[in-house]
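A short worksheet on the structure shown next.
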Amino acid sequence: MGQPLDDAALDTIFRTARTANHYLDKPVGEDLLHAVWDLMKWGPTSANQLPARIVWCVSDAAKARLAECASGTNGPKIMAAPVTAIIGMDENFHEHLPELFPHVDAKSWFDGNRELRAASAFRNSSLQGAYFIIAARALGLDVGPMSGFDGGAVDKAFFADQPGVSTNFIATLGFGDPASVHDRLPRPPFERFNRIA
């Protein structure tokens, strides 16, 4: 049984954590990228599908290719960030289920049903994207998730050799510059968007 986190941890992950717009000139080592994955992979997905496929754009060349696919101010943000992660989703995740979910024939649930695979890949890779953000914050990093990009162009540039993989969203990653953070936007109380039935 888990134990509640203390206020400092909750602040780091949620309450005082902010979307990063700009980053300090401080590198993010590959060991931290591995640490993000090694933490986020424990988050639950349906039947342990783990459909997320991540490309970590670290080199200037990779960031430039990705920036060309972005809209508005996202391109310069990608170039300036130490790392930008492409959170992709593999609709052929079911091919790995004999290993990842071995106690039943879960692969057969998805064989021949591309619509079901696509919906499940999107839902579960979105969950993994949220785990990515939480894991990065828990490890002292800041994140700038974004959806202003041409998904087809990103797929062509980064997933052309994996036809079953497409882009869900992208996110810059690094040590955020506190001076660049916008004022906190409203977060409504429970009663506004919730009901107990």
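Going by UniProt numbering, the sequence shown opens with residue 1, and the numbers climb by one from there.
Don't be surprised by glycine CBs; every beta carbon is placed ideally from N, CA and C.
| Check | Outcome |
| --- | --- |
| Distance, Cα to Cα, valine 55 vs valine 165? | 11 angstroms |
| Does the distance from the C-beta atom of leucine 127 to that of glycine 2 stay below 8 angstroms? | no |
| Quick one: residues in its chain with C-beta nearer than 8 angstroms to the C-beta of glycine 129, no 5 flanking neighbours on either side, listed in chain order? | Ala52, Ile87, Pro145, Asn168, Phe169 and Ala171 |
| Would the region 19–34 and the region 97–105 be scored as touching if the rule is three or more Cβ pairs under 8 angstroms? | no |
| Taking the runs of the alpha helix (DSSP H) that are 4 residues or longer, which of them lie wholly in the region 158–195? | 190–193 |
| Measuring straight from C-alpha to C-alpha, what distance separates phenylalanine 193 and arginine 187? | 10 angstroms |
| Have a look at valine 143 and methionine 40 and give me their C-alpha separation to the nearest angstrom. | 14 angstroms |
| State the start and end residues of the unbroken alpha helix (DSSP H) segment that holds tryptophan 37. | 30–40 |
| Determine the DSSP secondary structure at arginine 114, reduced to helix, strand or coil. | helix |
| Nearest by alpha-carbon distance to proline 102: which of Lys63, Phe149 and Asn48 is it? | Asn48 |
| For the putative contact between glycine 148 and alanine 70, defined by C-beta atoms under 8 angstroms, what is the C-beta separation to the nearest angstrom? | 6 angstroms |
| Indicate the three-state DSSP secondary structure (helix, strand or coil) for glycine 43 in the structure shown. | coil |
| State the CB to CB distance for the pair phenylalanine 132 and tyrosine 23, rounded to an integer number of angstroms; the pair is presumed to be in contact (CB under 8 angstroms). | About 17 angstroms; that fails the 8 angstroms criterion. |
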